[in-house]
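Numbering (the working numbering), first residue to last: 1 to 247. Below you'll find the structure, written out as structure tokens, and then a few comments.
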């Protein structure tokens, strides 16, 4: 049980919202609509884990210091058009053997495509949490590793007004688990760190980062990390269950 919580912070992807379809499916659709060779791009639909592979390879191409110092990659990577998303498309175009001259129109189309609210689903019990927080006068925040599209996406989903502030790594310049993004949250919440509860699905970025910054933390999701020392980690699988861990 957590006592004297004045603010709740939610991770976005995988906690507050999630995609209704896989990124690879959406990329296939974007490339198909731009008349790319279906024979080449069909691998996006056939190969399991292909998007995750592209993500990992793109991470390897980040400039030195981005990963170690947790510098935001989604806006502050100036070497690549559309920052990290452009880097992912570079990897994808190389792997699928697509013409490099078509890369910028493709990543631009995908960048816009992901603002479509129809691609996103809101956590089913989020409204329960907003009702609870209003009744308790608890502030609500989003703290997410994301670019500047996130506020617009949440607005298009009709949930942006439920938050006191939407904090992105693009805004702060650093990604979770950096203390700098959590310090920004603490300043915005205008309360002590231990009066803030952060909820997210990533063990290191969300749970570990929040705790290291002095916040309370809860892991979101059904998959508990393996290992005896993880068994005591507080975990929920729906946002409405936060009402049961707050006094």
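The beta-carbon is built from N, C-alpha and C at its ideal position, and this holds for glycine as well.
#1: Can we say the stretch 5-18 touches the stretch 50-61, given the rule of at least three CB pairs closer than 8 Å?
#2: Would you grab the beta carbon distance between residue 157 and residue 67 for me? Rounded to a whole angstrom, and I think it's under 8 Å.
#3: Could you check if residue 135 is buried or exposed, using at least 16 other CB atoms within 10 Å of its CB as the buried criterion?
#4: Among 193, 210, 106, which residue has its Cα nearest to the Cα of residue 201?
#5: What would DSSP say about residue 92, mapped onto helix, strand or coil?
#6: Taking the C-alpha atoms as reference points, what is the distance between residue 44 and residue 110?
#7: By alpha-carbon positions, which one of 60, 27, 140 ends up nearest to residue 129?
#8: Can we say the stretch 97-107 touches the stretch 24-42, given the rule of at least three CB pairs closer than 8 Å?
#9: Check each candidate in 49, 48, 89, 25 and name the one with the smallest Cα separation from residue 61.
#10: Output the boundary residues of the alpha helix (DSSP H) element that contains residue 130.
Reading from the atomic positions:
#1: No, the stretch 5-18 is not in contact with the stretch 50-61.
#2: Counting from 1 along the chain shown, the entry for residue 157 is found at position 157. Counting from 1 along the chain shown, the entry for residue 67 is found at position 67. Not confirmed; about 30 Å, so no contact.
#3: The sequence position of residue 135 within the chain shown is 135, counting from 1. Counting the other Cβ atoms within 10 Å of the Cβ of residue 135 gives fewer than 16, which makes it exposed.
#4: On the chain shown, residue 201 is found 201 positions in, with the first residue counted as 1. Nearest of 193, 210, 106 to residue 201, Cα basis: 210.
#5: Residue numbering aside, residue 92 sits at position 92 when the chain shown is read from its first letter. Here residue 92 sits in helix by DSSP.
#6: By one-based count along the chain shown, residue 44 stands at place 44. By one-based count along the chain shown, residue 110 stands at place 110. If you take the alpha carbons of residue 44 and residue 110, they lie about 14 Å apart.
#7: For the purposes of this step, residue 129 is taken as the residue at position 129 of the chain shown. Measuring from the Cα of residue 129, the nearest candidate turns out to be 140.
#8: Enough Cβ pairs lie closer than 8 Å, so yes.
#9: To locate residue 61, count along the chain shown from 1; it is residue 61. Looking at the Cα atoms, 89 is the closest of the given residues.
#10: For this step, residue 130 is matched to residue 130 along the chain shown. Note, residue 130: alpha helix (DSSP H), 126-136.
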